[in-house]
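A short write-up of the structure that comes next.
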DNA sequence: AATGAATGAGACTTCATTCAT
DNA sequence: TATGAATGAAGTCTCATTCAT
């Protein structure tokens with residue numbers, strides 16, 4: 282009994298320490314990038330020694346993977362919560378929720394970049410997280426199409442187009458290349474408008490793509 | 282006379298060598314990223330010694346800037362050539378021309394990432410190249426609106442939405458997360474369709490965004 | 282308590298290691314000169330790895346500055362100890378104490394040379410150490426003049442002449458260009474004799490400088 | 282005939298080019314020191330290419346030796362010219378003539394330093410030049426002693442003491458540690474005074490070294 | 001004879017990782 | 001379990017020297 286409790290406490294302490302280190306790593310990685318970040322910086326930020334880092338993770342690389350995994354998990358949770366009866370709301374949710382803070386955008390870009398250099402990051406970030414979002418979006422689009430509230434456009438393409446746009450905006454924001462004269466909310470509405478009036482069922486019969 | 286020819290030849294040789302080195306650098310950087318790339322790899326790829334690298338560029342960093350500059354210049358040329366009487370054509374051009382090859386997409390992602398860490402890359406890539414594309418797109422959208430062939434949507438927003446989408450698709454492609462069951466041409470058409478039927482003037486009066 | 286002891290021991294270990302490295306650096310620098318010395322040699326001489334060097338000093342340059350600082354400190358201590366009631370003793374002290382060993386003479390020449398190339402060395406060596414010696418000498422000469430035991434010669438000039446002679450002898454020794462047929466003690470006496478019979482009050486009224 | 286003239290012209294051209302390069306080398310070496318000087322700098326200063334340097338000298342090291350040789354030769358000439366009937370004049374000549382310009386002082390310090398690292402420089406500078414000066418001084422002191430115008434002090438010691446002082450002053454000047462409130466002429470007189478009233482025969486019988 | 005681009009050895013420095021305390 | 005000093009591999013960059021033109 283007492284032993285179980287002890288083990289429990291110990292495990293919780295270990296988990297807490299791991300989280301503390303991962304949080305520090307996420308901060309440093311997102312700011313500096315993986316290669317430029319040093320284990321010394323991460324240790325300082327986590328307020329532990331470099332040696333301790335290696336008691337919880339086998340290598341700097343595993344730290345990155347840990348951050349990616351945590352990010353993917355968090356994403357999964359959020360996606361599960363997204364309500365999307367309404368398309369506009371779904372898009373707004375995706376845009377707003379995803380890249381609200383600079384840190385989130387920077388992490389996004391970090392993984393985008395590191396995916397190409399680290400197969401584990403690719404696994405957790407691209408396969409698990411990104412595809413999950415895309416597939417979820419796809420399902421909702423299929424639902425809306427079935428409901429007759431959206432034109433019968435290929436849902437695979439539609440979902441990817443939406444995702445691409447959201448990702449692109451994250452990058453534009455991060456590079457300081459976005460729209461400054463509009464509020465994020467207004468921007469969300471406008472983008473939704475652009476998409477909607479092409480994605481949903483058209484009344485106007487003549488509304489065909491011809492430019 | 283003979284001297285002039287000599288100087289001419291010399292200058293051409295220097296320019297050629299510089300281009301040869303930049304090309305090697307672009308390849309290595311695009312594959313490995315800036316930090317992971319080594320000057321030895323670049324030298325090997327360029328088939329010169331490491332010392333020679335430094336006869337033409339003062340540092341590894343300047344090599345990256347050189348690649349960014351060349352990329353931005355090439356982009357500027359291509360943009361100038363884009364014909365865009367027709368919106369669909371313009372979008373197809375932007376999508377197809379930009380990220381045709383893997384190398385181009387990788388360079389794009391390299392600069393996207395390095396912009397955050399190198400003020401010169403940000404200058405050449407984000408300020409010069411990216412903003413140039415966005416502004417050009419904006420002008421064309423304004424033109425189409427004036428012609429009555431497009432809904433009067435804020436051109437700033439519209440241009441950025443298009444750019445974000447294109448950038449996002451580049452990333453999706455590069456991560457192997459795109460649509461495999463569709464040909465690039467078909468994909469281009471579909472994306473154009475999605476955008477068009479929201480950006481152009483709507484006949485159907487009732488077609489408002491409500492989800 | 283135990284912690285304090287631990288910190289104490291740690292600090293002493295660090296100080297010892299630093300001293301060990303500085304000593305090695307002093308040896309290598311004094312033998313090879315700053316530019317010719319390599320960090321590898323210094324590390325080998327200190328019996329540590331090159332990396333360890335950089336745990337204690339930020340650069341090769343700071344290693345040199347460290348040596349200069351230590352040298353200046355040591356000099357200051359010695360100067361404070363020089364007894365100079367008697368002029369002959371003072372001169373003998375200055376000559377003998379300063380450049381007794383080859384290593385000290387070589388360090389002296391190293392700093393003499395490096396002062397022109399390194400502003401910090403100039404600071405520590407010329408400003409702190411050398412000027413301190415000269416000023417101290419000046420004070421003692423003034424004292425002897427006041428006591429009527431020395432001719433009223435400009436103490437600024439006299440102190441610098443003495444210093445110049447001592448420095449010059451150090452160089453002559455180091456270059457193997459000095460007097461081999463005389464013992465150091467005998468030499469000291471003779472030089473003192475030369476100086477004395479010009480610096481102290483002259484009884485012989487006719488003894489004026491004319492050659 | 283014509284051929285001889287041609288050879289003559291050719292040889293003179295070569296000598297001139299060599300001198301031009303040596304002069305540049307002297308400037309750069311005296312400013313930067315041997316190790317810090319680059320062949321590129323020397324070539325630029327001499328207004329020739331780096332390749333040309335190697336047509337006239339086999340290595341950077343030989344450039345230094347060449348400069349040392351030229352310096353020693355120049356010194357020999359000057360020494361031959363020094364008139365020294367009068368001791369004061371001799372000393373003044375030695376002090377003033379030798380280290381008039383900053384460049385000469387810097388060269389002096391360069392050779393002082395490099396003698397320890399380069400056996401050829403040691404040969405030309407220490408053996409040839411410095412010992413020549415010292416020996417010449419010795420001879421003149423012997424002469425003055427024989428004339429009864431100087432006390433019978435060991436001429437070996439006396440000559441070295443004078444040389445040491447002069448060298449020391451050169452260093453003090455170069456380090457900006459000398460006397461600013463006195464003109465060079467006045468300084469020379471004062472130093473002469475100090476030396477004289479110890480080196481020449483003393484009338485005052487009681488004037489013995491006792492401190 | 002002059003040029004200067006090319007070379008590559010070797011220097012300084014960084015930093016992930018280890019391990020004795 | 002935590003620490004942080006020690007390590008050494010590896011990276012960037014410099015520069016004396018060579019050699020084809």
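Residue numbers (the numbering used here), protein chains in the order written: chain V, 282 to 492; chain H, 282 to 492; chain G, 282 to 492; chain S, 282 to 492.
Beta carbons are placed, not taken as given, at the ideal position from N, Cα and C, and that holds for glycine.
Could you spell out where the alpha helix (DSSP H) holding residue i opens and where it closes?
i, result
"residue 461/G", "Run containing residue 461/G: none; DSSP gives neither H nor E here."
"residue 500/S", "Beyond the ends of chain S as shown, which are 282 and 492, falls residue 500/S; an answer cannot be given."
"residue 386/S", "383-395"
"residue 325/H", "320-327"
Could you tell me if residue i is buried or exposed, where buried requires 16 or more neighbouring beta carbons within 10 angstroms of its beta carbon?
i, result
"residue 319/H", "exposed"
"residue 400/G", "exposed"
"residue 328/V", "exposed"
"residue 427/H", "exposed"
"residue 349/G", "buried"
"residue 419/S", "buried"
"residue 381/H", "exposed"
"residue 457/S", "exposed"
"residue 384/H", "exposed"
"residue 462/V", "exposed"
"residue 491/S", "Summary for residue 491/S: the model assigns pLDDT 36, below 50, so the residue's position carries little reliability, and this model does not support an answer."
"residue 455/V", "buried"
"residue 290/S", "exposed"
"residue 440/H", "buried"
"residue 466/G", "exposed"
"residue 488/V", "Legend: pLDDT at residue 488/V = 34, less than 50; position of this residue unreliable, no value from coordinates given."
"residue 295/V", "exposed"
"residue 480/V", "Any answer about residue 480/V is weak, because its pLDDT of 49 lies below 50 and its placement is not dependable; what the coordinates show is given next. When all chains shown are included, residue 480/V counts as buried."
"residue 330/S", "exposed"
"residue 474/S", "buried"
"residue 292/G", "exposed"
"residue 314/S", "buried"
"residue 369/V", "buried"
"residue 395/G", "buried"
"residue 340/H", "exposed"
"residue 449/V", "buried"
"residue 308/S", "buried"
"residue 305/V", "buried"
"residue 397/V", "buried"
Going along chain H in order, which residues have a C-beta closer than 8 Å to the C-beta of residue i?
i, result
"residue 239/V", "Not covered by the structure: residue 239/V. The range shown for chain V is 282 to 492."
Name, please, each residue of chain G whose Cβ falls closer than 9 Å to the Cβ of residue i.
i, result
"residue 559/S", "Within the shown structure, residues of chain S are numbered from 282 to 492, placing residue 559/S beyond reach of any answer."
So with CB distances below 8 Å, who are the chain V contacts of residue i?
i, result
"residue 444/H", "449, 453"
Starting from residue i, find everything on chain H with Cβ-Cβ shorter than 9 Å and list it in chain order.
i, result
"residue 383/V", "Per Cβ cutoff of 9 Å: no residues; residue 383/V is ~11 Å from chain H at best."
"residue 434/V", "471, 474, 475"
List the residues of chain V that residue i touches, going by C-beta distances under 9 Å, in chain order.
i, result
"residue 466/H", "Neighbours of residue 466/H on chain V: none; closest Cβ ~13 Å, over 9 Å."
"residue 348/H", "Within 9 Å Cβ-Cβ: nothing; residue 348/H doesn't reach chain V, min ~16 Å."
Using a Cβ cut-off of 9 Å, pull out every chain S residue sitting near residue i, in sequence order please.
i, result
"residue 316/G", "314, 315, 316, 317"
Residues of chain S with CB under 8 Å from residue i, in chain order?
i, result
"residue 326/G", "By Cβ distance, chain S contributes nothing, its closest Cβ being about 18 Å from residue 326/G, past 8 Å."
Give the residues of chain V in contact with residue i, contact being defined as C-beta atoms less than 7 Å apart.
i, result
"residue 407/H", "456, 458"
For the putative contact between residue i and residue j, defined by C-beta atoms under 8 Å, what is the C-beta separation to the nearest angstrom?
i, j, result
"residue 447/S", "residue 413/S", "Actually they do not touch by this definition, with Cβ atoms about 14 Å apart."
"residue 464/S", "residue 388/S", "About 24 Å; that fails the 8 Å criterion."
"residue 436/V", "residue 422/V", "4 Å"
"residue 445/S", "residue 477/G", "Wrong, their Cβ atoms sit about 16 Å apart, outside the cutoff."
"residue 472/G", "residue 376/G", "7 Å"
Report the neighbours of residue i on chain G: residues whose CB is nearer than 8 Å to its CB, in chain order.
i, result
"residue 438/S", "460, 463, 468, 471, 472, 475"
Of all the beta strand (DSSP E) runs that stay within the bounds of the stretch 398-451 of chain S, which reach a length of 3 or more residues? none
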